[in-house]
Amino acid sequence: MLNTLFDPYLRFAFWTGIGAVALAFLAAGLIVHLRFALVRRTRREQAFLAVWRPILVNALVSAPDTAPPALAAADRVFFLSLWVQLQESIRGTESTGLHHVAYRVGCDQFARALLQDGNVAEKLLAILTLGHLRDRSAWLPLSRLAREKEPIRSFCAMNALVKIDAESAAAELTALLLERNDWPIARIAALLQGVQAAFAGPLLRAAEHAEGRPLIRTLRFIEALRLQLPPPMLARLLSNTQPAEIIIGALRVTLVPGLLPQVRALLGHPDWRIRVQACKVLGRLGERADIVPLSKLLSDREWWVRYCAACALIGMPFVGRPQVEILRSAVTDPYARDILEQVLFEKAGS
Amino acid sequence: MTQQGFFEVMTWFIVVYFILLNGSYLMLNFLSTVSLYRLSQERILDSLPQIYSGMEPPVSILVPAYNEESNIAASILSMLQLSYPEFEIIVINDGSKDTTLAVLMKEFALVRTPEALRVRIVTKPIRGIYRSTRFPNLLVIDKENGGKADSLNAGINLSRFPLFCGVDADSVLQRDSLQRVVQPFLHDDEVVATGGTVRLANGCEISGGFLTKIGLPENLLALFQVVEYLRAFLFGRLGWSVIDAMLVISGAFGLFRKETVIKVGGYRTQTIGEDMELVVRMHRILRSEGIPYKVRFVPDPVCWTEAPEDLATLRNQRVRWQRGLSESLVSNFGLMFSRNGGTPGWVAFPFMVLFEWLGPVVELGGYLFMIFAAFFGGISWLACAVFLFLAISIGILLSLSGLLLEEMTFHLYPRPRQVAMLALIVIIENFGYRQVNTWWRLLGLVRWATQREGTWGVMKRKGIGS
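Listed in order, the protein sequences are those of chains A and B. For the first sequence, the working numbering begins at 600 and goes up steadily by one. For the second sequence, the working numbering begins at -4 and goes up steadily by one.
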């Protein structure tokens, strides 16, 4: 075999090699093409920014008196990107000047068009734009996008809906917020801070009926928005019979001293994460009577429990430095002494 | 078996091996191209300030250091400037014989702290723990020498945050590297580790610990490695990540979920390639216990490192890498074709064994066999030439596709001349460099077989910081 170019295998190998060389040339051609395209795009973007950045930056302060220049179709994505970038850089209320310019160039129309037909990035830009514009006519497509599986796009669509109409979004999306584990709690919490009144009712009602993971997530939102659960409901959630994650969530939103007896009972819970949270609650709300049980936890087998017990003890307003020193000299367990020393050192440094 | 029969069997073996190897690479290339195309569309969002921010979990950055007196202060200062909401830096001085600890003490005004260490992974004894009075998020552990893996384990023990990032003390990080590499953790609770693209800093300008100008090295060996890194990261690792089968996260920069790493026992100390060994072990253990998890790759360039510019250092590096690969694969052989192995056990691991681990034997053996067979008339010289032509043309195609992927997405090399130079290197590297590399990998395989103990690698550096 493989002796002459008439050999079919050898011929096949030879032509495969030729094919690879041809593909290599094609790849080289593509590289050149991409490089030229990049140069063209960069030039176009720079030309666009030279004209539009001053207009939009001025519009941040006040609505322009003169009509903006015509926006070329090829510059629309640049416009959306710059417009959204400026909107997102503002803290507090939206800029009416930016809105004014956006409507004058027909931004709402082409954003809606991109929402339907754009690529991944264009769609995302369109979602953000329509949210900032509070474009009610985009409610239905945005609502559909909020139910998509893809996390970033669906999250941004939910964000836009909340901006458009918080009350309606709360009624329509609270259940979704609690189900979507891929939507980051911190981002949602930040978003809901400004519209707390709209979501407080639906969240508190959800806490009454939810179970399992949605309940855990509900408790996280309640914590982030600093809402107060009714004490009887909280007492039920702090019961030893609840799953650990729910007890942890409930401890994080325990803000009333009336529940201290139940919290103290959890100091001996077999799950160390619950003992940690119980220590933290006692650090916030605890009384003199809690010094002894917390001191015992300085010798807990789990490092974090020891650490949180020490932080709780040292942070109690009625426990002064002399008392801590007495405690440190009294403890015989080296783990307890080490953790007290560490936390004392940290407090002194902070 | 007759001589001709032997030649036929061997020829077919080499041909089938060659087809499988290059077919796999082409498939990885295809997967990466699709993935990077999507990514290139999303790059327009990079300029938006709040798309991803505000939800990042705090991260502990672990920096093992052994005899790093010359660059440790600059490295740490640059790390302290990373743009990330909350992070701590833990430097682990692994019993350095130089003045690394003294430099750290002076530069960062360290004071000894009574830290109640939480020992979750056993390490060599800790001599002291220090905290900076200038930077509250900087801690230094001084411990007895135990190697890089042992140092990382000590750092894990002291770390406070749920994610940790192992960083080489001599790496140059992008300012937003943490921000980028943490993204998969934000999208998916099951992600346990992520890695980013490591690029070569040779020829680049660095100031204040950060890269200020991207350039190409003048040294030919370093240029070869630039192309190699493009190939390895942009279509190697990304392709594996797309099918959930990434077995390697570079030790220069990788982000891990701490509890998962502790669950699998931390870094293994008796190995050279502790970074790869950990990831392969995570796959093996998590798969065998049926725990859902994901290991993800972020193609953004997050870390820049210095490549060797002389043959001896480069050879040592490649020999060490091959030994590390051998140890990682052999100690986790249970993953291969295991019942719950999934794509890591059924695709990536066999690929690694066949093409990366045993590859040097077959590749060099193949070249030798072809010459031998041609000499004894088993095949014609023409067949030899055609085979060589095919191997080289596919090699060029694969390397060029790495360059194409770079041009599709990051455009890091701004000048057309730089791209032209890399295209030229793509061709030249196939005539000698790749073959020499295969020889070094074979050496690594032989050295692994002699089972010498792993230590910190010695790398001759020109120095990339200023």
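Idealized CB from N, CA, C, for every residue including glycine.
For B:Ile136, no Cβ of chain A is located within less than 9 Å of the residue's own Cβ. For B:Trp299, DSSP records a beta bridge to B:Val167, B:Arg194.
Boundaries of the alpha helix (DSSP H) harbouring A:Ala765: 765 to 778, taken from the DSSP string. When C-beta distances to chain B are compared with 7 Å, the residues of the region 743 to 777 of chain A below that value are Pro750, in chain order.
Residue contact check for A:Leu637 against chain B: a CB pair falls below 9 Å. For the region 403 to 427 of chain B, residues whose beta-carbon sits nearer than 7 Å to a beta-carbon of chain A comprise Met403, His406, Pro411, Val414, Ala418. Within the model, the alpha-carbon separation for B:Leu330 versus A:Thr728 is close to 48 Å. Distance from the Cα of A:Val704 is smallest, within the candidate group A:Pro667, A:Leu732, A:Ile689, A:Ser688, for A:Pro667. Taking 7 Å as the upper bound on Cβ-Cβ separation, chain B lies near residues Leu609, Ala612, Phe613, Thr615, Gly616, Ala619, Val620, Leu622, Ala623 of the region 608 to 623 of chain A. Note that the C-beta distance between B:Ala188 and B:Met277 is below 9 Å. With contact defined as three or more Cβ pairs closer than 8 Å, the region 6 to 13 of chain B and the region 132 to 141 of chain B are not in contact. Per DSSP, the unbroken beta strand (DSSP E) holding B:Pro59 starts and ends at 54 to 60. Cβ contact annotation for B:Leu383 (same chain, cutoff 6 Å, sequence separation greater than five): none. Assigned with DSSP and collapsed to three states, B:Tyr125 falls in strand. Secondary structure at A:Val794: coil, using DSSP grouped into helix, strand and coil. Among the CB atoms of chain B, none fall inside 9 Å of the CB of A:Asp899. Excluding its 5 nearest sequence neighbours in each direction, B:Val222 has C-beta neighbours in its own chain below 8 Å: Ser394, Gly397, Leu398, Leu417, Ile420, Val421, Glu424, listed in chain order. Taking a cut-off of 8 Å on C-beta distances, the region 236 to 248 of chain B touches the region 161 to 178 of chain B, as three or more cross pairs fall below it. Classified as buried, B:Tyr224 has 16 or more neighbouring CB atoms from the shown chains inside 10 Å of its CB.
Residue pairing for B:Asp137: DSSP places it in a beta bridge opposite B:Asn88, B:Gly123.
DSSP places B:Thr207 in the uninterrupted beta strand (DSSP E) bounded by 205 to 208.
Using a CB distance cut-off of 9 Å, B:Ser396 counts as an interface residue toward chain A. Counting only runs of 4 or more residues that sit fully inside the region 211 to 298 of chain B, the alpha helix (DSSP H) segments are 215 to 225, 233 to 237, 253 to 258, 269 to 283, in chain order.
About 7 Å separates the CB atoms of A:Arg752 and A:Ile726; that is less than 8 Å, so the two are in contact. When C-beta atoms of the region 862 to 881 of chain A are compared with those of the region 893 to 907 of chain A, three or more pairs fall below 8 Å, so the two segments count as touching. Within the region 348 to 423 of chain B, complete alpha helix (DSSP H) segments of at least 4 residues are found at 354 to 370, 376 to 404, 411 to 423, given in chain order. Contacts with chain B at 9 Å (Cβ-Cβ) do not include A:Arg733. For A:Glu644, the uninterrupted alpha helix (DSSP H) run begins and ends at 607 to 660, by DSSP. A:Gln861 and A:Ser838 have their C-alpha atoms some 8 Å from each other.
In the pairwise beta carbon analysis, the region 205 to 222 of chain B is classified as not touching the region 270 to 286 of chain B: fewer than three pairs are separated by under 8 Å. In the DSSP assignment, B:Thr189 is bridged to B:Leu250, B:Arg291. Within the region 379 to 393 of chain B, those residues whose Cβ lies closer than 7 Å to any Cβ of chain A are, in chain order, Val381, Phe382, Phe384, Leu385, Ser388, Ile389, Ile391, Leu392. In the displayed model, B:Ile116 falls within coil according to three-state DSSP, outside both helix and strand.
Neighbours of B:Leu399 across chain A, judged by C-beta separation under 9 Å: Ala626, Ala627, Leu629, Ile630, Leu633.
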